[in-house]
Structures are given as structure tokens and as C-alpha cells.
Amino acid sequence: MNRAEKALHALKQMDELTEMDSPVHRLSALSKLLVTLLFILITVSFHKYDLTGVFMMALYPYVLFQLSGISFRLCIYRMRYAIPLVAMIGIFNPFFDRDPLLQIAGISISGGMISFLTLLLKGMLCLCASFLLVSTAKIDDLCAALRRMHVPSLLVTVFMLTYRYISVLTEEVALMTDAYHLRAPGQKGIAFHAWGSFLGQLLLRTMDRAQELYAAMLLRGYNGEFPDLQKNENRTASWIWLITWAVIFLALRWLNIPDLIGRMFMR
Amino acid sequence: MHMADALLSPPVAATMAAASGAAAVYSISKVRKENQSEKIPVMAVSAALVFAGQMINYTIPGTGSSGHLCGGMLLSALLGPEAGFLSMIIVLAVQCLFFADGGLMALGANIWNMAFYGCFIGTYLIWLPIMKSSLFSGMGEKAGTRAKIILASVLGCVLTLQLGAFSVVLETTASGIGELPFGAFAGLMLPIHLAIGLVEGMITAAVLCFVYETRPELIRGIRKETGSSKFSLKQVLACLGALALVTGGLFSLFASSHPDGLEWALFGNSDAGYASNMALDEENFGTQSSAADTAASIQESTSFLPDYAFKNSDSAAGTTVSGLVGCGIVAAAAIGVSAAGNFFRRKTS
Numbered sequence: 004m005n006r007a008e009k010a011l012h013a014l015k016q017m018d019e020l021t022e023m024d025s026p027v028h029r030l031s032a033l034s035k036l037l038v039t040l041l042f043i044l045i046t047v048s049f050h051k052y053d054l055t056g057v058f059m060m061a062l063y064p065y066v067l068f069q070l071s072g073i074s075f076r077l078c079i080y081r082m083r084y085a086i087p088l089v090a091m092i093g094i095f096n097p098f099f100d101r102d103p104l105l106q107i108a109g110i111s112i113s114g115g116m117i118s119f120l121t122l123l124l125k126g127m128l129c130l131c132a133s134f135l136l137v138s139t140a141k142i143d144d145l146c147a148a149l150r151r152m153h154v155p156s157l158l159v160t161v162f163m164l165t166y167r168y169i170s171v172l173t174e175e176v177a178l179m180t181d182a183y184h185l186r187a188p189g190q191k192g193i194a195f196h197a198w199g200s201f202l203g204q205l206l207l208r209t210m211d212r213a214q215e216l217y218a219a220m221l222l223r224g225y226n227g228e229f230p231d232l233q234k235n236e237n238r239t240a241s242w243i244w245l246i247t248w249a250v251i252f253l254a255l256r257w258l259n260i261p262d263l264i265g266r267m268f269m270r
Numbered sequence: 086m087h088m089a090d091a092l093l094s095p096p097v098a099a100t101m102a103a104a105s106g107a108a109a110v111y112s113i114s115k116v117r118k119e120n121q122s123e124k125i126p127v128m129a130v131s132a133a134l135v136f137a138g139q140m141i142n143y144t145i146p147g148t149g150s151s152g153h154l155c156g157g158m159l160l161s162a163l164l165g166p167e168a169g170f171l172s173m174i175i176v177l178a179v180q181c182l183f184f185a186d187g188g189l190m191a192l193g194a195n196i197w198n199m200a201f202y203g204c205f206i207g208t209y210l211i212w213l214p215i216m217k218s219s220l221f222s223g224m225g226e227k228a229g230t231r232a233k234i235i236l237a238s239v240l241g242c243v244l245t246l247q248l249g250a251f252s253v254v255l256e257t258t259a260s261g262i263g264e265l266p267f268g269a270f271a272g273l274m275l276p277i278h279l280a281i282g283l284v285e286g287m288i289t290a291a292v293l294c295f296v297y298e299t300r301p302e303l304i305r306g307i308r309k310e311t312g313s314s315k316f317s318l319k320q321v322l323a324c325l326g327a328l329a330l331v332t333g334g335l336f337s338l339f340a341s342s343h344p345d346g347l348e349w350a351l352f353g354n355s356d357a358g359y360a361s362n363m364a365l366d367e368e369n370f371g372t373q374s375s376a377a378d379t380a381a382s383i384q385e386s387t388s389f390l391p392d393y394a395f396k397n398s399d400s401a402a403g404t405t406v407s408g409l410v411g412c413g414i415v416a417a418a419a420i421g422v423s424a425a426g427n428f429f430r431r432k433t434s
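Each protein sequence line maps, in turn, to chains L and X.
Take the first sequence: its position 90, counting from 1, is numbered 93 in the working numbering, and each next residue is one higher.
Take the second sequence: its position 288, counting from 1, is numbered 373 in the working numbering, and each next residue is one higher.
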């Protein structure tokens with residue numbers, strides 16, 4: 004599989020996940036979007052040494068993975084490029100911040116170690132939350148949610164069209180790459196003299212495609228706004244979902260719950 | 086260069102989102118004013134093209150490595166800076182949502198670092214001035230324009246990538262995430278992105294030259310009679326002003342993240358020479374209450390690790406030994422619940 008085919012496969016996989024049915028899938032996309040944004044905001048707002056506090060935020064992805072039946076393994080697989088980038092920035096912390104912060108059975112743990120682990124955990128939790136959002140909400144519902152949040156219709160329309168055309172164009176790139184490599188065996192990428200014409204050809208065809216697309220849109224009565232594809236979503240449950248999580252997140256943020264639990268068992 | 090959520094603190098993310106939001110509002114009003122609804126599919130399809138184009142590996146001559154396309158300069162050369170900026174927002178949003186490339190809350194920062202510089206700075210400071218200039222006029226119409234396209238693309242990609250990389254360093258430092266000193270981090274990021282910028286610039290130049298030879302009317306700023314893309318000092322100044330404003334804002338966040346104002350007011354800072362401002366003792370703040378006494382008595386009866394010698398050196402920082410023990414208990418409970426859930430699910434199905 005070449006890179007374009009891999010991307011296509013990933014997109015298709017996400018599409019299939021949103022077709023699943025679970026209590027989480029049935030909630031409105033708007034409430035899921037708001038809960039996700041709040042979760043990310045609260046998670047990154049923890050102090051850089053507050054490893055235990057960030058750890059407790061794992062409650063949200065944990066509950067969602069349990070309720071929705073989305074594969075946790077797939078989510079981890081998706082993070083394989085993003086997490087090393089986060090780690091690259093945090094890896095210097097243990098070297099620069101050597102002040103001991105904790106001592107456990109005679110081994111002292113430096114502040115840098117704790118802040119590195121906290122950063123990694125924050126990164127993973129935020130990625131989990133975004134993954135859970137797009138794997139439980141259909142793209143059309145997400146666009147409708149954006150419209151309800153008063154994101155300009157121009158942006159939402161372009162987003163929807165782009166999403167539909169990404170698979171078309173990526174498929175063309177996959178085909179073109181395969182064709183190129185069949186005629187240039189043993190070559191790793193596109194050779195220098197074909198740099199311009201390779202994507203340029205696709206670009207020209209794409210611009211013509213845009214004209215056809217616009218004509219098709221006009222013929223079907225496009226007037227600047229896509230119809231709101233509102234389905235019978237469970238409104239009350241969505242509101243309860245939103246408020247419950249908001250309360251839980253705030254409680255986790257302002258009460259040091261792991262410390263309280265830990266103190267019950269030791270002094 | 087896509088930043089993850091964990092690399093930004095909420096104030097920095099909010100600042101960058103506000104800056105990108107302002108640029109987006111300006112672009113939307115500008116595109117709306119042109120009132121060309123046929124531009125919508127062009128924008129969408131171009132965004133999809135940039136996304137798909139980044140899946141192509143280009144072999145760099147003389148090396149074994151490969152480069153990719155730089156979207157901002159290509160889109161703004163084709164669509165103009167405003168529509169190009171909106172298309173880039175969509176590309177970044179799709180990458181963030183479906184490919185975990187950059188975070189949802191960090192989207193504002195990523196838009197600024199990659200789309201704003203690439204589209205606005207790249208167009209108004211590099212692309213239009215070079216295309217309007219009389220550089221290479223001795224080479225003839227066609228060869229001259231081609232030389233100008235190559236120069237503008239390479240220069241534009243290098244400059245905008247440098248600005249973007251510098252912003253990443255600035256934003257991460259202002260968020261107080263990494264311990265790596267500012268200078269060392271910048272020294273790491275900038276040279277890497279100089280090389281990337283050169284390669285991306287060459288690829289963008291190759292694509293634009295091909296388009297210029299086949300369909301020159303698609304490229305903006307080439308023909309002299311186009312009035313709409315006129316080079317104006319006002320737009321250059323507006324770009325530079327926005328740049329200065331955001332950079333200044335980031336620096337002020339950076340400065341204010343060091344002394345915590347509220348903490349200083351409550352507890353004073355004797356190290357820095359301040360007296361105890363409100364005469365509160367940080368160690369014993371808020372621990373003398375009846376609730377605390379009740380908690381202590383409950384703790385007395387439940388603790389199974391009594392008087393075990395743990396040193397809680399700094400409880401204000403958040404992570405304590407008892408906190409770690411608490412996390413362990415919660416994790417064990419969670420694993421137990423999942424195991425039970427799996428067991429019952431298997432039974433029912």
C-alpha cells in the first residue's frame with residue numbers, strides 16, 4: 004500500500020466506526036463536540052507536575068471506550084506519529100529539570116521526569132478524546148453542529164465538500180503513484196524532472212472538476228446553504244450528557260481526588 | 086510542525102485561536118464580498134488536492150530522502166490569499182480530526198503557524214511584490230516569469246516555514262511546557278525547517294511552473310492588468326501589524342507565566358524580597374477545620390500503610406505519593422470493571 008492508499012483506508016475505517024450503534028453514537032454531535040472541547044481544555048490546564056490529576060481525566064476516554072465499543076487498540080495505532088512528536092519536545096525535561104520532587108522508598112524522582120510523563124499523558128488523552136469524537140459522530144452531523152455553533156456557512160460548506168472530495172482525489176493520487184512506480188521500478192519517489200507535471204496534471208483536472216461540481220450544485224438548486232440534515236437525536240440525553248461531564252471535569256480539576264483516595268489508605 | 090494539544094497552555098491556545106479567528110473572519114468577509122459562489126467548489130477541491138498532494142513522496146536529487154508539498158503558497162497563488170487561507174484551515178481541520186495531526190484545541194495555533202504565514206505573509210510580502218517587480222525582465226516574458234515564480238515560491242516557502250517554526254518555539258515556551266531553553270529550541274527547529282522550506286519551495290515552484298506553461302490564467306498576479314490583486318502598501322502594513330501584535334501577545338504571556346500573581350498576593354515571596362502580603366502561611370493554608378479533623382479520623386481507621394516513611398516534599402505541585410497510591414487504586418478498580426464488563430458481555434451475547 005502506498006501512502007495515499009493508507010490514508011484512504013484510514014478514512015474508510017473512521018466512516019465505518021461512525022456507522023456503529025451505541026448509546027454514545029445516538030447523542031447529538033453538538034454535545035459530543037462541546038464535551039470534547041471542554042475535556043481538552045481542562046486536561047491541558049493541569050499543572051505540569053500534576054501527573055495524578057491528569058491521570059484521573061482518563062476517566063472520560065475510559066467510559067467512552069466502554070460505552071461506545073470503539074477499539075482502544077485502533078486509537079493507539081492512530082497515535083503512532085503524533086505521540087513521538089510530543090515526546091520529542093518533552094524528552095529534554097528530565098535533563099534540564101533535575102530537582103527531586105518525590106521520594107519513593109529512597110529513590111528520588113526529578114521534576115523533569117514527572118513533567119515529561121504528564122506531558123505524554125496529556126497528549127495521549129487529548130488525542131483519544133478527538134478520536135472518540137470523530138469515531139462516534141458522522142461528518143454531516145458534525146457540520147450541522149458547527150452551524151449551530153454559528154461557524155460561518157461558507158467554512159462549513161467548504162469543509163463538507165472537501166471531506167467528500169478528499170477520498171476522490173486521494174484515490175487518484177494512489178492510482179497515479181502506482182502507475183508511476185510500475186513504469187519506474189525501484190525508484191523511491193517521484194523523480195526531479197517530473198515534480199511539476201505529476202501534481203500539475205492532477206491540479207488541472209481538479210480545476211475542471213470544480214467547474215463540473217459547481218454546475219451540478221447549481222442544477223440541484225444550491226443557494227449558498229446545505230439543508231440541515233437533522234435527525235431524531237435524543238435531546239434530553241444530550242443535555243444530561245453535557246452537564247454531567249462538565250460537573251465531573253470541574254470536580255476532577257479542582258478536587259485532588261487521587262490524593263484523597265490515597266490518604267484514606269495511608270498516612 | 087503540527088502541534089498537539091498537550092504542547093499548548095489554554096491562554097496561549099486561546100490567543101492563537103483568537104488571532105486565527107480574526108484572520109478567518111476577515112477572509113470570509115472578503116470572499117463573500119467578491120460574491121463568487123463558484124469559488125466555493127474551487128476552494129473545496131483545491132483543499133482536497135493539497136491534502137492528496139501531501140501523500141506524494143518526491144525524491145530529492147542527490148539524497149535518499151523525500152519531500153512534500155507546501156500548501157499555503159500553492160493555494161494562495163491559485164486562489165488568492167483569503168480563499169487560500171480558508172482552504173488551508175479546512176486542510177488542517179481534516180488532518181487534525183481524521184489523522185491525529187495536531188490537536189483540536191491547538192487548531193488555532195496550527196492555522197496561524199502554517200496557514201496565516203503561508204497565505205498572507207507569503208502573498209503580500211513575497212509573491213505579489215516579486216511577481217509585480219521587473220526582476221529578470223532581460224530574460225524575456227516567459228522565462229522571466231518562470232524565474233520569478235521559482236524565486237517567489239522558494240523564498241516564500243523558506244520565509245513562511247521559518248516564521249512558522251519560530252512561532253512553534255515561541256508558543257511552546259510561552260506555554261511553559263518544555264524545559265529546553267528558548268535559544269536551544271529555536272536553534273534546533275529553525276535549521277531543520279530551513280532545509281524543509283527549500284525542498285518544499287522547489288516542489289511548489291515546479292508545480293506552479295507547470296501550471297503557468299499550460300494554463301497561465303489559473304495563477305494569480307501574473308498578468309499586469311489584474312486590478313484586484315494590486316500590490317498595496319496598506320496590506321503589507323496590515324500583515325506586519327498582525328504579526329507584531331500576535332508575537333507581542335505571546336511574549337507577554339511568556340513573561341506573565343513566571344511570577345504567579347495570585348500566589349504572590351496571597352503568600353508573598355520572601356525569596357524575591359517581598360514581605361508576606363496577606364500574612365497567610367502557605368503550609369497551613371485552609372487545613373484547620375472540622376472537616377479536615379473528621380477526614381483525619383476516617384484516615385486513621387482506614388489506612389493500611391500507617392506511618393510508612395514517604396517524603397511528600399512539595400504537595401503544592403500536585404503530584405504526591407498519596408496521589409500516586411490513589412491513582413493505582415483507581416486504575417485497579419477500572420481494570421476490574423472492564424474485566425467484569427467483558428465477562429458479562431460475553432455471557433449475554
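We treat Cβ as the ideally placed atom computed from N, Cα and C, and that holds for glycine.
Handout entry: Within-9 Å CB hit, Ala-140(X) to chain L
Key = Residue identity check: residue 140(X) is Met in the sequence provided, not Ala. At least one chain L Cβ lies under 9 Å of Met-140(X).
Problem - Other residues of its chain near Phe-42(L): CB distance less than 6 Å, five sequence neighbours each side excluded - result: Tyr-63 and Ala-132
Handout entry: Distance between Val-321(X) and Leu-210(X) (C-alpha atoms, nearest Å)
Key = 6 Å
Exercise for the section: Give a single yes or no on whether Ala-133(X) has its beta carbon closer than 8 Å to a heavy atom of the ligand NAD. Expected result: Absent from the structure shown: the ligand NAD. Ligands present: none.
Exercise for the section: Take Leu-177(X) and list the residues in its own chain whose beta-carbon comes closer than 7 Å to its own, dropping the five residues that flank it on each side. Expected result: Gly-187, Leu-192, Asn-195, Ile-196, Met-199 and Ala-200
Problem - Own chain residues within Cβ distance below 8 Å of Ala-187(L), not counting five before or after - result: Ala-194
Practice task
Note down the Cα distance separating Ile-86(L) from Glu-302(X), rounded to an integer number of angstroms.
Solution key: Approximately 43 Å between the Cα atoms of the pair.
Practice task
Within 10 angstroms of the Cβ of Phe-370(X), are there 16 or more other Cβ atoms? Answer buried if so, exposed if not.
Solution key: Residue placement at Phe-370(X) cannot be trusted, given a pLDDT of 45 that sits under 50; what the coordinates show is reported in the next sentence. Counting Cβ neighbours within 10 Å, Phe-370(X) comes out exposed, since fewer than 16 surround it.
Problem - Same chain, Cβ closer than 6 Å to Thr-39(L), neighbours up to 5 away in sequence not counted - result: Once the five neighbours on either side are set aside, the close Cβ partners of Thr-39(L) are Ala-132 and Leu-136.
Handout entry: Environment of Val-116(X) [buried if 16+ CB atoms lie within 10 Å]
Key = In summary, Val-116(X) is buried, with 16 or more beta-carbon neighbours lying within 10 Å of its beta-carbon over all protein chains present.
Problem - Limits of the unbroken alpha helix (DSSP H) element including Ser-133(L) - result: 114–139
Problem - Integer-rounded CB distance, given that Leu-54(L) should sit under 8 Å from Ser-170(L) - result: A Cβ-Cβ distance of about 40 Å is found for the pair Ser-170(L) and Leu-54(L), leaving them out of contact under the 8 Å criterion.
Problem - Contact between the region 269–286 of chain X and the region 119–131 of chain X (3+ Cβ pairs under 8 Å) - result: no
Practice task
Decide yes or no for the touch test of the region 236–245 of chain L against the region 212–232 of chain X: beta carbon pairs closer than 8 Å, at least 3 of them.
Solution key: Contact fails: fewer than three Cβ-Cβ distances are below 8 Å.
Practice task
Look at the alpha carbon of Cys-242(X) and the alpha carbon of Ala-250(X), and state the distance between them as a whole number of angstroms.
Solution key: C-alpha separation (whole angstroms): 12 Å.
Exercise for the section: Would you mind stating whether Val-135(X) and Arg-212(L) have Cβ atoms separated by less than 9 Å? Expected result: no
Exercise for the section: Determine the direct distance from the alpha carbon of Glu-175(L) to that of Ala-290(X), and round the result to whole angstroms. Expected result: 22 Å
Handout entry: Residues of its chain near Leu-92(X), where Cβ-Cβ distance is below 6 Å and the 5 sequence neighbours each way are ignored
Key = Hits under 6 Å: Thr-257 and Ile-262.
Problem - Short Cβ contact (9 Å threshold) for Ile-307(X) with Thr-230(X) - result: yes
Problem - Buried/exposed call for Ile-92(L), threshold 16 Cβ in 10 Å - result: buried
Exercise for the section: For my contact list, Val-154(L) and Asp-90(X) are in at a C-beta cut-off of 8 Å; report their separation, rounded to the angstrom. Expected result: Incorrect: roughly 20 Å between the Cβ atoms, too far for contact.
Exercise for the section: Enumerate in chain order the residues of its own chain whose CB-to-CB distance from Phe-389(X) is below 6 Å, with the five nearest sequence positions on each side excluded. Expected result: Annotation note: pLDDT 49 at Phe-389(X) (below 50); position unreliable, no value reported.
Problem - Residue environment, Met-88(X), which counts as buried when at least 16 other CB atoms sit within 10 Å - result: buried
Exercise for the section: Indicate the three-state DSSP secondary structure (helix, strand or coil) for Ile-235(X) in the structure shown. Expected result: helix
Problem - Given 8 Å, three or more beta-carbon pairs between the region 107–115 of chain X and the region 163–174 of chain X - result: Yes, they touch.
Exercise for the section: Report the partner residues of Pro-103(L) according to the DSSP bridge assignment. Expected result: Ser-113(L)
Practice task
Check the Cβ of Phe-429(X) against every Cβ in chain L and list those closer than 8 Å, keeping chain order.
Solution key: Near Phe-429(X) there are no residues of chain L at all, since even the closest Cβ is about 12 Å away, more than 8 Å.
Problem - chain L contacts made by the region 222–253 of chain X, where a contact means CB separation under 8 Å - result: Hits within the stretch: zero.
Exercise for the section: Consult DSSP for Asp-399(X) and reduce its assignment to one of helix, strand or coil. Expected result: Residue confidence for Asp-399(X) is low, a pLDDT of 45 falling below 50, so the modelled location carries little weight; the figure read from the coordinates is stated next. Secondary structure of Asp-399(X) (DSSP, three-state): coil.
Exercise for the section: Look at the alpha carbon of Leu-213(X) and the alpha carbon of Met-179(L), and state the distance between them as a whole number of angstroms. Expected result: 33 Å
Handout entry: Exposure of Tyr-297(X), with buried meaning 16 or more beta-carbon neighbours within 10 Å
Key = buried
Problem - Ser-129(X): first and last residue of the uninterrupted alpha helix (DSSP H) it sits in - result: Reading off the sequence, residue 129(X) comes out as Ala, not Ser. Its alpha helix (DSSP H) spans residues 124–138.
Problem - Through-space distance from Gln-214(L) to Ala-103(X), alpha-carbon basis - result: 34 Å
Exercise for the section: Taking only the alpha-carbon atoms, compute the straight-line gap between Ala-140(L) and Lys-233(X) and give it to the nearest angstrom. Expected result: 46 Å
Problem - Helix, strand or coil at Tyr-225(L) [DSSP, three-state] - result: coil
Practice task
State yes or no: is the beta carbon of Tyr-111(X) nearer than 9 Å to at least one beta carbon in chain L?
Solution key: no
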